[in-house]
Amino acid sequence: MGDQLFQELTANISSRIHRDVNGFYAKYFERANRVSESRESWTSSPKFSIRSEDGLLMWLNATQAVQHGRMTEWCLATPSLSPPYCRQHIRLVLANYAEKALDPAWPHVQALGYFHDASNCSWQTMFLDLCEQARHVFVHQPARMFLHSFIIKDNSIEPWIFDRAGVYSGGFLNADYDLERIKDLLASYTVMDPDELGVSPWPELSNLGVKYITMSSGERLVLDESPLCQDSDLLGSGLVVYKGKTESSDTWDWACKVKWEHKRVNVPGEEITLKLATDRNVWGVTKLVDFQALTSIASLREGLGFDSVRPVSLSNGSDDAAMKFELQNMTLSCFVTSPLATELSEFTSVRQLLGAIVDSIRAHESLHSNNILHQDISAGNIMISGSSASQSGKEPRGILIDFGLAMELDDILPDGRTAHGSRLFMSIGVMNRKHHTYRHDLESFLYVFIWMAVRGNTEELPDTSILRNWSKPDFGERISYKTQDMSKPGFEKVLDEFLPRFEGVKELARELRTILFRTDGVDEPLWTETNTGEAATRELYGGIISAFNKAIAKIPASI
1 MGDQLFQELT ANISSRIHRD VNGFYAKYFE RANRVSESRE SWTSSPKFSI RSEDGLLMWL
61 NATQAVQHGR MTEWCLATPS LSPPYCRQHI RLVLANYAEK ALDPAWPHVQ ALGYFHDASN
121 CSWQTMFLDL CEQARHVFVH QPARMFLHSF IIKDNSIEPW IFDRAGVYSG GFLNADYDLE
181 RIKDLLASYT VMDPDELGVS PWPELSNLGV KYITMSSGER LVLDESPLCQ DSDLLGSGLV
241 VYKGKTESSD TWDWACKVKW EHKRVNVPGE EITLKLATDR NVWGVTKLVD FQALTSIASL
301 REGLGFDSVR PVSLSNGSDD AAMKFELQNM TLSCFVTSPL ATELSEFTSV RQLLGAIVDS
361 IRAHESLHSN NILHQDISAG NIMISGSSAS QSGKEPRGIL IDFGLAMELD DILPDGRTAH
421 GSRLFMSIGV MNRKHHTYRH DLESFLYVFI WMAVRGNTEE LPDTSILRNW SKPDFGERIS
481 YKTQDMSKPG FEKVLDEFLP RFEGVKELAR ELRTILFRTD GVDEPLWTET NTGEAATREL
541 YGGIISAFNK AIAKIPASI
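Throughout the sequence shown, residue numbering follows UniProt numbering, covering 1 to 559 in sequence.
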């Protein structure tokens, strides 16, 4: 596994790995009917051994041969299921039985088995390889509820469950003492139904193999085959967005977004704020068409006890008393919104990009005037409208999406406890735990503009970019770097990174900096406070929007 992948995976799962979870075996493997069903299958099977990969597979095959009504079957992992950066330790996959004659692909994988008989292989190496394989399963099955897996090493087996909130196990079983329990466990996987395996019923498939969901109204929404965008992390929101259309339509008019939402204290659910914005007819924001809560981590983990277990350290696989853990409930939610729009990074001209950003600022002003603050302005939350009306000026050229952190103004705590945002685009004041205001979001719009001018249509920043420091995990470092880069000499260094096609809008960037930070001198301190008066609010919005409009008017249509 490459160093970068190792670091990203470790950061994603750290403090969310738990062993010896109370109730684990009782919940997943030891119901009376499950034990009876699995035990019937292995009583006449060959001699059992977990020390030999070939012997284990032979035993599993013999066990499966006498099971009736099984839906899945264990088979050896194929090269397509073994990414080149993994160490090839994953040997077994549980795949849909109908796919057994084919080369099972990630969408068909129902569980993972990891076998390793080398004593020099560390627990960390085995576990991270298993996590990377699990990540691939969730990428190809984005609405999956959870995933079964196990690791066999030497004479022991440890079953694990992956869900979007963490990874947990019931602890080791040793073949010298728990042989019958191990046999029951291994035999039970192939007779589990989809719910027991963690397979999601979403989206549904028609007889023709077309993906669709059934909305609250009972109407079907057909989904495009491939997602528009997707989060590839193992743990977290698991965000995936599809284009959608009604069965009677020929055009993709709607977006269908599915994600695991954290229910944060003092922050309403996205569906609540979206409905408020829709009901108040806010201009330039995504409109809520339908919402459904599909399941939650709390319901999936019902019957399990995490209170007495500590997170497992990735350094040695043991419990780490120093690590902090707070189980956060998450809800798998499905949003249908309109209009369908295009990611900001897919802009075709500088004029189009600036038009999308300035109309998103106008949308933010409309939102704020209706007593709602977005609080998460980022490049990913501004979309380009593709309608002909938007190009004629009748509709917004850009729209604001993702209201997961949006709140009504009166509900935002004054001491910064409800301050949130995307790390890269977070304002200096928010990082300093100031009361989150409209001015902080406007500062975030400046960072979006700079980010796009440096990155363009590419996915990554240049390795040497100053902007990489804005993503440092430490708040203090981020504050220091961003404050330095917003100073007059520091800002000129940032402008030096603008791509050639953005040369003509450097003056716009300078003007926006002056408006926001009220400074134009070399040694003048940055102003990061907020004047919340009605006239001052209109003036700040007006000055920024006017600056954008003047710059757009000067840009040739071809650029």
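For every residue, glycine included, the Cβ atom is placed at its ideal position computed from N, Cα and C.
Work out the CA separation of Phe146 and Tyr28 for me, nearest whole Å.
Approximately 12 Å, taken between the alpha carbons.
Within its chain, find whatever has a CB closer than 7 Å to the CB of Asn329; leave out the 5 residues flanking it on each side and keep chain order.
Lys263, Ser296, Ile297 and Ala298, listed in sequence order.
With a threshold of 16 other CB atoms inside 10 Å of the CB of Ala101, please say whether the residue is buried or exposed.
Its pLDDT being 46, under 50, Ala101 is placed unreliably in this model, and the value from its coordinates should be taken loosely. Under this definition Ala101 is an exposed residue.
Quick check on the burial criterion: 16 or more other C-beta atoms within 10 angstroms. Buried or exposed for Trp527?
Trp527 is exposed by the Cβ-count criterion.
Considering only DSSP beta bridges, list what Gly166 is partnered with.
In the DSSP output, where bridge partners are listed per residue, Gly166 has Asp163.
Could you please give the first and the last residue of the uninterrupted alpha helix (DSSP H) stretch that includes Gly543?
Its alpha helix (DSSP H) spans residues Glu534 to Lys554.
Looking only at C-alpha atoms, which of Val350, His436 and His435 sits nearest to Arg397?
Per the Cα distances, Val350.
Are the beta-carbon atoms belonging to Ser338 and Asp253 less than 8 Å from one another?
Yes. Within cutoff.
I'd like to know if the stretch 227-236 and the stretch 195-208 are in contact, where contact means that at least 3 CB-CB pairs between them fall below 8 Å.
No, the stretch 227-236 is not in contact with the stretch 195-208.
For Phe291, which residues does DSSP report across the bridge?
BP columns for Phe291 point to Phe335.
Name, in chain order, the residues that DSSP records as bridge partners for Lys243.
Looking at the DSSP assignment, Lys243 forms a beta bridge with Ala255.
In whole angstroms, give me the CA-to-CA distance for Leu186 and Leu332.
For Leu186 and Leu332, the distance between alpha carbons rounds to 29 Å.
State the beta-bridge partners of His148 as determined by DSSP.
Paired residue(s): Ala111 and Ile161.
Can you list the beta strand (DSSP E) stretches of 3 or more residues lying completely in the stretch 174-240, in chain order?
211-214 and 220-223, all fully within the stretch 174-240.
Taking the continuous beta strand (DSSP E) assigned at Gly398, which residues delimit it?
Where Gly398 is concerned, the enclosing beta strand (DSSP E) stretches over Gly398 to Leu400.
Name the DSSP beta bridge partners of Trp260, please?
According to DSSP, Trp260 bridges with Leu332.
Measuring only the C-alpha atoms, how far is His148 from Trp160?
Approximately 6 Å, taken between the alpha carbons.
Could you tell me whether the stretch 277-286 touches the stretch 176-190, using the rule of 3 or more Cβ pairs below 8 Å?
Segments in contact, no.
Which residues bound the beta strand (DSSP E) around Glu343?
Residues Ala341 to Glu343.
State yes or no: is the C-beta of Ile151 within less than 8 Å of the C-beta of Ile50?
Not a contact, by the Cβ cut-off of 8 Å.
Is His368 helix, strand or coil when you go by DSSP?
The answer is helix: DSSP assigns His368 an H, G or I state.
Is the stretch 127-144 in contact with the stretch 229-242, if contact means three or more CB pairs nearer than 8 Å?
The stretch 127-144 vs the stretch 229-242: in contact.
From His374 to Asp193, what distance separates their C-alpha atoms?
His374 and Asp193: Cα-Cα distance of roughly 42 Å.
Give the secondary structure of Ala143 by DSSP, where H, G and I count as helix, E and B as strand, and everything else as coil.
In the structure shown, Ala143 sits in coil (DSSP, three-state: anything other than H, G, I, E or B).
Find the nearest neighbour of Glu534 within the set Pro489, Asn371 and Val240, judged by alpha-carbon distance.
Among Pro489, Asn371 and Val240, the Cα nearest to that of Glu534 belongs to Asn371.
Within 8 Å, do at least three Cβ pairs link the stretch 498-507 to the stretch 469-486?
These segments do not touch.
Write down the C-beta distance between residue 623 and Phe548 rounded to the nearest angstrom, noting that I regard them as a contact closer than 8 Å.
Absent from the model: residue 623. The displayed extent of the chain is 1 to 559, so no value can be given.
Any beta-carbon of chain D closer than 8 Å to the one on Phe347?
Looking for chain D here will not work: only one protein chain is present.
Take Arg220 and list the residues in its own chain whose beta-carbon comes closer than 8 Å to its own, dropping the five residues that flank it on each side.
Correct list, in chain order: Tyr212, Ile213, Thr214, Thr246 and Glu247.
Express the C-alpha separation of Leu9 and Tyr189 in angstroms, rounding to a whole number.
Their Cα atoms are separated by approximately 27 Å.
So, helix, strand or coil for Lys116, using DSSP?
Here residue 116 is His; the residue named in the question, Lys, does not match the sequence. His116: strand per DSSP, three-state reduction.
Could you tell me if Lys550 is buried or exposed, where buried requires 16 or more neighbouring beta carbons within 10 angstroms of its beta carbon?
Lys550 is exposed by the Cβ-count criterion.
Run through DSSP, which three-state label would Lys153 get?
It is a strand residue.
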